[in-house]
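The sequence shown begins at 1 in the numbering used here and counts up one residue at a time.
Where a beta carbon is used, it is the ideal one built from N, C-alpha and C, also for glycine.
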Amino acid sequence: MSDLITSYYRFAQPGELKGRVADIRPGSEPNSVAVVVERGHATQELLDALGGAQAPMFATGQWYRLPDTPENRTHPRRILRASWELDPGGKLPEGLLCLSLERPNEHQWLVHENHASFLLTADMTWLLTRMVRSEVWIQRGAGELGDR
């Protein structure tokens, strides 16, 4: 069983990221994760949309982290790749700034091109992929009834 994780997105304070575009780090509360973004690489609207879309993924167990054990490292629903991709228009439904796409062993965020920079999407892809490969993150697809 895993602990409930919460996440939030915020802009970095001046000099906080030391030349980086983004970082994923422990949040201010227990079992929370902060995604910190350099100003100028995303809009506040996108950060709000991502936070709102990601919260239920953790709260409902769609994404959860298991202890790092030999059995869990080979879990069939382990996420091995996570990424962000800019949407140059047409894929996102009208009015959405981001959309979560799930595939076996992969999670992708489709992000509106007018709300994030190319550098941010590249950095987030690198950070998320590194995170899911170094920790045991599990995805449960829609409609699955199996235990965690």
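Can you name, in chain order, every residue of its own chain whose Cβ lies under 8 Å from the Cβ of E113, other than the five neighbours on each side? Reading the sequence shown from its first residue, position 113 is the one you call residue 113. Same-chain partners within the cutoff: L86, D87, P88 and G89.
Contact the stretch 120 to 128 vs the stretch 65 to 74: 3+ CB pairs below 8 Å: no
For the 8 Å Cβ check, are there 3 or more pairs between the stretch 22 to 37 and the stretch 95 to 111? no
Outcome for E16 when other beta-carbon atoms lying within 10 angstroms are tallied against a minimum of 16: Position 16 of the sequence shown holds residue 16. Exposed is the call here.
Answer with buried or exposed for R65, where buried requires no fewer than 16 other C-beta atoms within 10 angstroms of its C-beta. Numbered from its first residue, the sequence shown carries residue 65 at position 65. Buried is the call here.
Just how far apart, CA to CA, sit A116 and W63? Residue mapping note: residue 116 aligns to position 116 of the sequence shown, counting from 1. Residue mapping note: residue 63 aligns to position 63 of the sequence shown, counting from 1. So the alpha carbons of these two residues sit roughly 23 Å apart.
Would you say S83 lies against chain C (beta-carbon separation less than 8 Å)? The structure shown contains no chain C; it is built from a single protein chain.
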